[in-house]
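Counted the way numbering that gives the first Met the number 0 counts, the sequence shown spans residues 0 to 162.
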Amino acid sequence: MDNKELEKISKLIENIKNDINIEFIPHFLNWFYQKLDLHFNKNTPDLKINKGSIFYVNLWQNIWWELNKTRPCLVYSHKKANFWNTVIVIPLKSYKWNKINNFQVLITATDENCLNKDSIVDISSMRQISKKRLLDKIWDIEKIHFKEIDKKLVYIFWIKNNE
């Protein structure tokens, strides 16, 4: 699909959004356009991505309680998987309720990690994404946090040695 075709679709989407008065339709059409743009116009970045790096990632619109929008995500894929077009990430979300459960790890905001507020690595939202969704690299997580994440993954998935 070339830029002219994508521009034509974009205009069509704008017309539909203006004609239909249903609340979710504009969000769906924006999502659809972004999906087309990402698929056809953005090349997969040739990045050497390390396990433990935190990137801004465009997760866009999702369903109900799934984390969405552009947010920091921790890369969990091993660097040996760099030849793939996808990575496994764990989204971060705001720390709001002064409570950490068994599938969350707290990261306190510091000048060094460039987080603007205390955040939670939400292991329950782990997912595979296209590298095309990766935006800017923020920081590499400290090993102490990574060990805690690994322990919680073992707990969540009931991973045991010799089983």
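Yeah, the Cβ is synthetic: ideal placement off N, Cα and C, and Gly gets one too.
Predicted model only: the values in this text are computed from it and were never measured.
Checklist entry - Counting only runs that start and end within the segment 65-106, where is the alpha helix (DSSP H) found for 4 or more residues in a row? => result DSSP runs (the alpha helix (DSSP H)) wholly in the segment 65-106: none.
Checklist entry - Can you name, in chain order, every residue of its own chain whose Cβ lies under 8 Å from the Cβ of Ile122, other than the five neighbours on each side? => result Position 123 of the sequence shown holds residue 122. For Ile122, where only same-chain residues beyond five positions count, the Cβ hits under 8 Å are Ile89, Phe102, Gln103, Val104, Ile148, Lys151, Leu152, Ile155.
Next on the checklist: Rounded to whole angstroms, what is the Cα-Cα separation between Leu114 and His144?
Outcome noted: Reading the sequence shown from its first residue, position 115 is the one you call residue 114. Reading the sequence shown from its first residue, position 145 is the one you call residue 144. A direct Cα-Cα distance of roughly 15 Å separates Leu114 from His144.
Checklist entry - Can you tell me whether DSSP reads Leu5 as helix, strand or coil? => result Taking the first residue of the sequence shown as position 1, residue 5 is located at position 6. Helix at Leu5.
Checklist entry - Exposed or buried, Lys176, counting other C-beta atoms within 10 Å across all chains shown (16 or more means buried)? => result Look at the range of the chain in this structure, 0 to 162, and you will see that residue 176 is not part of it.
Item to check | Alpha carbon of Thr107 to alpha carbon of Lys116, nearest angstrom | outcome: Looking up residue 107 in the sequence shown gives position 108. Looking up residue 116 in the sequence shown gives position 117. Take the alpha-carbon of Thr107 and the one of Lys116: they are about 7 Å apart.
Item to check | Bridge partner(s) assigned by DSSP for Asp139 | outcome: For the purposes of this step, residue 139 is taken as residue 140 along the sequence shown, with counting starting at 1. Residue pairing by DSSP places Asp139 opposite Ser52 in a beta bridge.
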